[in-house]
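Residues in the sequence shown are numbered consecutively from 289, following our numbering.
Beta carbons: idealized from backbone N, C-alpha and C, even for Gly.
Read the structure below first, then the notes.
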Amino acid sequence: MILGLNTDIEVLSTHHLAKSNAARLQNYTITEAPERISNPKMVSCHTMPYPFIVFYCHYQQGDNRLYRTVLSGENGDRVEALAICHMDTSQWSHDHVSFRVLRIEPGTAPVCHFFPAEDFVLVPSTSSI
Numbered sequence: 289m290i291l292g293l294n295t296d297i298e299v300l301s302t303h304h305l306a307k308s309n310a311a312r313l314q315n316y317t318i319t320e321a322p323e324r325i326s327n328p329k330m331v332s333c334h335t336m337p338y339p340f341i342v343f344y345c346h347y348q349q350g351d352n353r354l355y356r357t358v359l360s361g362e363n364g365d366r367v368e369a370l371a372i373c374h375m376d377t378s379q380w381s382h383d384h385v386s387f388r389v390l391r392i393e394p395g396t397a398p399v400c401h402f403f404p405a406e407d408f409v410l411v412p413s414t415s416s417i
């Protein structure tokens, strides 16, 4: 059991801070210092490309750090975004797309990425920790 049977959980996700009809696909800039979310354990869930809702949820052992920050879009949209940094990638496959994109080798640098609005993270609630 990853989070524990009697653990209260919180569901965290990326979300827009105001309703917007503007295009979501745009460049964003980090406008506030990231706040680290203390989490001894977490489960990440990602949407899968099916004609109905399917989530792929997984737990990754190792030093993973979860952050919350605010992003500003080119058109002024503001987003409270979740990001995760995988601090130790030494056990990852050499073929992982992150290494090609970042032009690094496994274990040489952290790999960080944002969670899209459709994904979410389960963490123990602060009252459970």
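- A straight line joining the alpha-carbon of His401 with that of Lys329 spans about 18 Å.
- Ranked by how close their Cα comes to the Cα of Asp365, the residues His346, Ser301 and Asn315 have Asn315 in first place.
- Following the DSSP letters along the chain, one finds Leu390 inside the alpha helix (DSSP H) bounded by residues Val385 to Leu390.
- By the CB criterion at 9 Å, Thr295 and Phe403 fall outside the cutoff.
- In this structure, Val367 sits near Leu359, with a CB-CB distance shorter than 9 Å.
- Judged by DSSP secondary structure, Arg324 falls within the beta strand (DSSP E) whose first and last residues are Glu323 to Ile325.
- For Glu320, the three-state secondary structure derived from DSSP is coil.
- Here Ala321 is exposed. Its C-beta has fewer than 16 other C-beta atoms within 10 Å.
- By the criterion of a C-beta distance shorter than 6 Å, Glu406 is surrounded in its chain by Thr335, once the five residues flanking it on both sides are discounted.
- In the three-state scheme derived from DSSP, where H, G and I count as helix and E and B as strand, Asn352 is classed as strand.
- Taken through DSSP and simplified to helix, strand or coil, Leu313 comes out as coil.
- Restricting attention to Pro337, Ile297 and Arg356, the CA atom closest to the CA of Ile372 is found in Arg356.
- Within the same chain, Cβ atoms closer than 7 Å to the Cβ of Pro398 are found at Cys373, His374 and Met375, the five residues on either side in sequence being excluded.
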